[in-house]
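Chemist:
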Amino acid sequence: MLEDIKAHAPAVWKQPWGVDVEPVGDGRAALKYLAPYVHRVAISNNRIVSLDETSVTYRFTPTGSKRAVTRTVPGHEFVRGFLQHTLPPKFQKLSYYGWMSPNCKLKFAWVQMLVWFYLGWCYLLARQTPPEVPTKPAVRCFECGGTMRLTAVTDGSGKLLYNHPLPYLDSG
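Just so you know, we're using our numbering here: the sequence shown kicks off at 1058 and counts up by one.
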């Protein structure tokens, strides 16, 4: 069987491909399906119930169920299914990559500092507090000199463009 696949492989790559991609919602189902494979292998040893020269029996939980079910499949079918969930060469699982890897000695504070340098927030490192944002002076009423508050915005014809969500509270 493997020889048949190898013999036909070059011909397959030269054929035109037609991909049918349709939206299937907001992607939560796909994320739920893929999330377990990002941090661990497709099947752990404790889910394998038994094996012999010709078959493998393993335990799984069907989607939407809370009860585990056992399935017995031929050995080559088990390996085929397992290999569909392995990462391509040079790909790594997330838990073993970068500064979040268990083997990485880089502390979170160093990563935070590098991000601050990249974003140009170096002043935060020295001050330990964000700088104060300068405030605009309050707009004063020409008649009484009191502080004016925004209640609504209209265009030149009187059409209401913005209405403040809080009611106007007149103090006078």
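Think of the CB as a built atom: it goes at the ideal place given N, C-alpha and C, for glycine as much as any other residue.
1. Counting pairs of Cβ atoms below 8 Å between the stretch 1097-1111 and the stretch 1074-1089, do you hit three or more?
2. Comparing alpha-carbon positions, which option in Thr1111, Gly1213, Met1157, Arg1116 lies nearest Asn1102?
3. What are the residues that DSSP puts in a beta bridge with Trp1108?
4. In the stretch 1123-1177, which residue ranges form an unbroken beta strand (DSSP E) of at least 3 residues, counting only runs that do not cross its ends?
5. What would DSSP say about Ala1195, mapped onto helix, strand or coil?
6. In this structure, does DSSP put Ala1209 in helix, strand or coil?
7. Do Thr1204 and Arg1197 have their C-beta atoms within less than 8 Å of each other?
8. Can you pull the DSSP bridge partners for Leu1217?
9. Measuring CA to CA, which of Thr1114, Ala1166, Thr1120, Gln1072 is closest to Ser1090?
Modeler: This is what the structure gives:
1. Taking a cut-off of 8 Å for Cβ pairs, the stretch 1097-1111 and the stretch 1074-1089 do not touch, as fewer than three such pairs fall below it.
2. Nearest to Asn1102 by C-alpha distance, out of Thr1111, Gly1213, Met1157, Arg1116, is Arg1116.
3. Note that residue 1108 is Leu in the sequence shown here, rather than Trp. Leu1108 pairs with Val1113.
4. The DSSP assignment places 1126-1131 as complete runs of the beta strand (DSSP E) inside the stretch 1123-1177, in order along the chain (cut-off: 3 residues).
5. DSSP places Ala1195 outside both helix and strand once states are collapsed to three, so it counts as coil.
6. DSSP places Ala1209 in strand when its eight states are reduced to three.
7. Contact check for Thr1204 against Arg1197 passes: the beta carbons are separated by less than 8 Å.
8. DSSP lists Thr1211 as partners of Leu1217.
9. This sequence places Tyr at residue 1090; Ser is not what is there. If we check each option's Cα against that of Tyr1090, Thr1120 comes out closest.
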